[in-house]
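Single-structure report; data block below.
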Amino acid sequence: MDIRIEDFITPTLTKEEYYKPNSVDVWLNDYEGYRSAGDIHSIAHFTKTNHQILMQANMQGEIIGVCSRCLEDAPIHIDTNFTIIFLPDNQKRHYTEDEEVEVTSEELDVEYYKGNKFNVDYLFREELILSIPYSPICRDDCKGLCPECGGNLNRGECICKKEKSLFNNIKVNLF
Numbered sequence: 003m004d005i006r007i008e009d010f011i012t013p014t015l016t017k018e019e020y021y022k023p024n025s026v027d028v029w030l031n032d033y034e035g036y037r038s039a040g041d042i043h044s045i046a047h048f049t050k051t052n053h054q055i056l057m058q059a060n061m062q063g064e065i066i067g068v069c070s071r072c073l074e075d076a077p078i079h080i081d082t083n084f085t086i087i088f089l090p091d092n093q094k095r096h097y098t099e100d101e102e103v104e105v106t107s108e109e110l111d112v113e114y115y116k117g118n119k120f121n122v123d124y125l126f127r128e129e130l131i132l133s134i135p136y137s138p139i140c141r142d143d144c145k146g147l148c149p150e151c152g153g154n155l156n157r158g159e160c161i162c163k164k165e166k167s168l169f170n171n172i173k174v175n176l177f
């Protein structure tokens, strides 16, 4: 999604983009087991005041991951909002390489642009990656895999022979 400064005829601008599955798959390339389930819809509202540009964006869609319990496909619904402030590159603070700097919370949501055109696709990629859950599951009642034979317990009871443990006797006698 390219933003051109000359497009700001009024102080506000809205851009909409549908990221195609092959583009989303490239974004997810570093994350094994994740792939696109279709288009990712993004919409961004920009407000320009002087040289500052405020972007308020939303991204919606679905990707597929690997269920952390049963290793089957796990659909992951993406619906995230984020806000970024763009400032001209000449307003960026400059530091020496060995200088230790504390970044304020306000600076975390600031990006810098150079010239009259900039692209925001990388911000949508970052937000997509941040939206991926740590341990996705295919459904809330996923039973996972049998610890003995590795069979998927969502498909039915496991028929593997489970050896009786000495602890089973203790459990039966105590409870």
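So that you can map any letter, position 28 of the sequence shown is 30 in my numbering, and since no number is skipped, the others follow by simple counting.
Beta carbons: idealized from backbone N, C-alpha and C, even for Gly.
State the DSSP-derived secondary structure class of residue 10, mapped to helix, strand or coil. The residue you call residue 10 lines up with position 8 of the sequence shown. Residue state, collapsed to three classes: coil.
With a threshold of 8 angstroms, are at least 3 pairs of Cβ atoms found where one atom belongs to the segment 65 to 73 and the other to the segment 94 to 108? no
Of the choices 113, 51, 132, whose alpha-carbon is the least far from that of residue 88? The residue you call residue 88 lines up with position 86 of the sequence shown. Ranking 113, 51, 132 by Cα distance to residue 88 puts 113 first.
Residue 135 bridges to which residues according to DSSP? Walking along the sequence shown from the start, residue 135 turns up at place 133. The partner list for residue 135 (beta bridge, DSSP) is empty, contrary to what the question assumes.
Evaluate the contact criterion for the segment 133 to 145 versus the segment 77 to 93: three or more CB pairs, one atom per stretch, below 8 angstroms. yes
How about residue 58 and residue 42: are their beta carbons less than 9 angstroms apart? In the sequence shown, residue 58 corresponds to position 56, counting from 1. In the sequence shown, residue 42 corresponds to position 40, counting from 1. No, these two residues do not count as a Cβ contact at 9 angstroms.
Are the beta-carbon atoms of residue 7 and residue 94 separated by less than 9 angstroms? Working through the sequence shown from its first residue, we reach residue 7 at position 5. Working through the sequence shown from its first residue, we reach residue 94 at position 92. No, the pair does not count as a contact, with Cβ atoms beyond the cut-off.
Report back the beta-carbon spacing between residue 64 and residue 39 to the nearest angstrom; my notes put them in contact at under 8 angstroms. For this step, residue 64 is matched to residue 62 along the sequence shown. For this step, residue 39 is matched to residue 37 along the sequence shown. Contact between residue 64 and residue 39 is confirmed by a C-beta separation of about 4 angstroms, below the 8 angstroms threshold.
Here's the rule: buried if 16 or more other CB atoms are within 10 angstroms of the residue's CB, otherwise exposed. What is residue 137? The sequence position of residue 137 within the sequence shown is 135, counting from 1. It is exposed - the Cβ of residue 137 has fewer than 16 other Cβ atoms within 10 Å.
Under DSSP, the beta strand (DSSP E) around residue 121 begins and ends at which residues? The count along the sequence shown starts at 1 and reaches residue 121 at position 119. Counting along the chain, the beta strand (DSSP E) containing residue 121 begins and ends at 119 to 121.
In three-state terms, what does DSSP make of residue 26? Your numbering for residue 26 matches position 24 in the sequence shown. Of the three classes helix, strand and coil, the one that applies to residue 26 here is helix, per DSSP.
With a Cβ-Cβ cutoff of 9 angstroms, do residue 3 and residue 123 count as a contact? On the sequence shown, residue 3 is found 1 positions in, with the first residue counted as 1. On the sequence shown, residue 123 is found 121 positions in, with the first residue counted as 1. Yes.
Run through DSSP, which three-state label would residue 124 get? Here the question's residue 124 lines up with position 122 in the sequence shown. Helix at residue 124.
How should residue 11 be labelled, buried or exposed, when 16 other C-beta atoms within 10 angstroms of its C-beta is the threshold for buried? Taking the sequence shown and counting its residues from 1, the one referred to as residue 11 is at position 9. So residue 11 ends up on the exposed side.
Terminal residues of the continuous beta strand (DSSP E) containing residue 115? Counting from one through the sequence shown, the residue named residue 115 turns up at place 113. That run of the beta strand (DSSP E) goes 112 to 115.
Whole alpha helix (DSSP H) runs in the segment 37 to 112 with 4 or more residues, listed along the chain? With a minimum length of 4 residues, no continuous alpha helix (DSSP H) run stays inside the segment 37 to 112.
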